[in-house]
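J.: Under numbering that gives the first Met the number 0, the residues of the sequence shown are numbered 0 to 290, in order. Backbone N, C-alpha and C define an ideal beta-carbon position, used for all residues, glycine too.
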Amino acid sequence: MTTTRYYIRLTLPDSGDLVIFTGFFDVDDSTHIVQTFYDSINPTVDIRSTGNNGGPTYLYYPGWLCFDGGGCNITSFPYLYGATTGDYNMYGNTGFSTGNFVNGIGNITYEFSLIPYSGFPCFKEGTMILTDKGYRSIQELRKGDLIETYKHGLKPIDMIGKRPLHHVCSEERIKDQLYVCRVDQYPEITEELVITGCHSVLVDRYVDQEQRSMVTETLGKIYLTDGKARLPACVDKRATVYEKKGTYTIYHIALEHDDYFMNYGVYANGLLVETSSKRYLKELSNMELIE
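Right, here's the structure in full:
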């Protein structure tokens, strides 16, 4: 079975686009049946239910319902299920639906956005980023801090985001887990660097056609940053799967740039790697942005 992962964010337009839920779910590409459903607050607990009722922690999801672009009902979705709120029905990729308050207030409109999964290019907490004041841990950085770039001097942080990641420690080199870069394979680093599988090291060229093909398969096409090729950690055989299974906080930064879609090369633990673009961090990452 092959699946596609979607990230979901529910907002209330009548309340200033108040975010009421963020999470992600996996859909069988053949049957369109939702296989798993997670709340970003607790990303290791599958809240998909095959029973007949929702509740405070479980999603009502009869197995015969499906998710696809034709507008099929995904589920009845309990947001703060209890005395004041009831189930919300979500419909396929239509982008909006209505919820019903059980206390007599009546129907309200809410919107949801769905983002096809493309992996998280992020740093594990504790990563040291080169700044105007030397190396600083990424979790201490804030908007406006100056970061040393590969070709463009010092640039201020425009956005910094964080989110939890459940590291499964799979022997398969999947994108959505952590990898470690060590000194014996990367002589330029100051200490081991732990990054997600689709976070790219910047290199002059790929070692062979096989590696180039694997990058294309992982990222969709070949990308360059500051004239360097992006090599995802899950493809780079010098990087190994991080040995400690668990849930970790991961971070990413976007620096000030005239082009909303472009990123920079920066130094993490001495290794040249990519930043995020402003567009990815704001629209696609599903990360909590830190002020």
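Measuring alpha carbon to alpha carbon, tell me which residue in M286, T274, F24 and G125 is nearest L192.
T.: Within the sequence shown, residue 192 is the residue found at index 193, counting from 1. Checking every option, the nearest Cα to that of L192 belongs to G125.
J.: Quick check on V214: does DSSP put it in helix, strand or coil?
T.: Position 215 of the sequence shown holds residue 214. Residue state, collapsed to three classes: helix.
J.: Keeping to the same chain, check which residues put their C-beta closer than 7 Å to that of I173; ignore five residues upstream and five downstream.
T.: As a first step, residue 173 must be located in the sequence shown, where it is residue number 174. Here the set comprises G196 and C233.
J.: Which residues does DSSP pair with T239 in a beta bridge?
T.: Numbered from 1 along the sequence shown, position 240 holds the residue referred to as residue 239. Bridge partners of T239: V179.
J.: If K161 sits next to E255, beta carbons under 8 Å apart, how far is it from one beta carbon to the other, in whole angstroms?
T.: The count along the sequence shown starts at 1 and reaches residue 161 at position 162. The count along the sequence shown starts at 1 and reaches residue 255 at position 256. Their Cβ separation, rounded to whole angstroms, is 19 Å, which puts K161 and E255 out of contact at 8 Å.
J.: According to DSSP, what are the bridge partners of E147?
T.: For the purposes of this step, residue 147 is identified with residue 148 of the sequence shown, where counting begins at 1. L153, per the DSSP bridge assignment.
J.: Give me the Cβ distance between D249 and K132, rounded to the nearest whole Å; I'm assuming they're in contact under 8 Å.
T.: Locating residue 249 in the sequence shown gives position 250, counting from the first residue. Locating residue 132 in the sequence shown gives position 133, counting from the first residue. It should be noted that the sequence gives Ile, not Asp, for residue 249. The pair is not a contact, with the Cβ atoms about 23 Å apart (cut-off 8 Å).
J.: What's the gap between the Cα of W63 and the Cα of N262?
T.: Position 64 of the sequence shown, counted from the first residue, corresponds to residue 63. Position 263 of the sequence shown, counted from the first residue, corresponds to residue 262. Note that W63 has pLDDT 46, beneath the 50 cutoff, so the model's placement of it is unreliable and no number is given.
J.: Buried or exposed: where does E190 fall if 16 or more other Cβ atoms within 10 Å of its Cβ makes it buried?
T.: Here residue 190 corresponds to residue number 191 of the sequence shown, with the count starting at 1. Exposed, because fewer than 16 other Cβ atoms sit within 10 Å of the Cβ of E190.
J.: So what does L271 bridge to, in DSSP terms?
T.: For the purposes of this step, residue 271 is identified with residue 272 of the sequence shown, where counting begins at 1. Beta-bridge pairing links L271 to Y266.
J.: Provide the residue(s) that pair with D38 in DSSP beta bridges, ordered along the chain.
T.: Counting from one through the sequence shown, the residue named residue 38 turns up at place 39. G22 and N41.
J.: Taking all protein chains shown into account, decide if R229 is buried (16 or more other Cβ within 10 angstroms of its Cβ) or exposed.
T.: The residue given as residue 229 occupies position 230 in the sequence shown. Classification of R229: buried, given that the 10 Å Cβ count is 16 or more.
J.: Should C121 go down as buried or exposed, given a rule of 16 or more other Cβ atoms within 10 Å for buried?
T.: In the sequence shown, residue 121 corresponds to position 122, counting from 1. Label assigned to C121: buried.
J.: What separation, rounded to the nearest whole angstrom, lies between the Cα atoms of I264 and V33?
T.: The count along the sequence shown starts at 1 and reaches residue 264 at position 265. The count along the sequence shown starts at 1 and reaches residue 33 at position 34. Before going on, a small fix: residue 264 reads as Gly here, not Ile. Rounded to the nearest angstrom, the two C-alpha atoms are 38 Å apart.
J.: Secondary structure at E137, three-state DSSP: helix, strand or coil?
T.: On the sequence shown, residue 137 is found 138 positions in, with the first residue counted as 1. First, the amino acid is wrong: residue 137 is Ile here, not Glu. Here I137 sits in helix by DSSP.
J.: I believe R141 touches I289 by the beta-carbon criterion, under 8 Å. Please report the beta-carbon distance rounded to the nearest angstrom.
T.: Within the sequence shown, numbered from 1, the residue matching residue 141 stands at position 142. Within the sequence shown, numbered from 1, the residue matching residue 289 stands at position 290. 7 Å between Cβ atoms; contact.
J.: State the start and end residues of the unbroken beta strand (DSSP E) segment that holds H251.
T.: Within the sequence shown, numbered from 1, the residue matching residue 251 stands at position 252. Where H251 is concerned, the enclosing beta strand (DSSP E) stretches over G245 to L254.
J.: Going by DSSP, which residues form a beta bridge with I194?
T.: Position 195 of the sequence shown, counted from the start, is the residue given in the question as residue 194. Per DSSP, F122 and Y178.
J.: Evaluate F260 with the Cβ neighbour count: other Cβ atoms within 10 Å of its Cβ, from every protein chain shown; 16 or more gives buried, anything less gives exposed.
T.: Along the sequence shown, read from residue 1 onward, the residue named residue 260 stands at position 261. Per the 10 Å Cβ criterion, exposed.
J.: Between the Cα of L270 and the Cα atoms of K244, N285, E242 and R237, which residue gives the shortest distance?
T.: Here residue 270 refers to the residue found at position 271 of the sequence shown. Of K244, N285, E242 and R237, the residue nearest in Cα terms is R237.
J.: So what does P163 bridge to, in DSSP terms?
T.: Counting from 1 along the sequence shown, the entry for residue 163 is found at position 164. BP columns for P163 point to T248.
J.: I'd like to check one pair, T239 with Y185: are the Cβ atoms closer than 8 Å?
T.: To locate residue 185, count along the sequence shown from 1; it is residue 186. To locate residue 239, count along the sequence shown from 1; it is residue 240. Contact: no.
J.: M261 lies in the beta strand (DSSP E); which residues open and close that run?
T.: Taking the sequence shown and counting its residues from 1, the one referred to as residue 261 is at position 262. Run containing M261: none; DSSP gives neither H nor E here.
J.: Go ahead and pull the three-state DSSP assignment for E287.
T.: The residue labelled residue 287 in the question sits at position 288 within the sequence shown. Here E287 sits in strand by DSSP.
J.: Is L218 buried or exposed, if buried means 16 or more other CB atoms sit within 10 Å of its CB?
T.: Walking along the sequence shown from the start, residue 218 turns up at place 219. Counting Cβ neighbours within 10 Å, L218 comes out buried, since at least 16 surround it.
J.: Roughly how many angstroms lie between the CA atoms of V200 and D235, to the nearest whole one?
T.: Here residue 200 refers to the residue found at position 201 of the sequence shown. Here residue 235 refers to the residue found at position 236 of the sequence shown. Going from the Cα of V200 to the Cα of D235 covers about 8 Å.
J.: Short of 7 Å in beta carbon distance, which residues of its chain neighbour V202, apart from the five on each side in sequence? Order them along the chain.
T.: Here residue 202 refers to the residue found at position 203 when the sequence shown is read from its first residue. Closer than 7 Å at the Cβ level, and outside the excluded window around V202, lie K227, A228 and L230.
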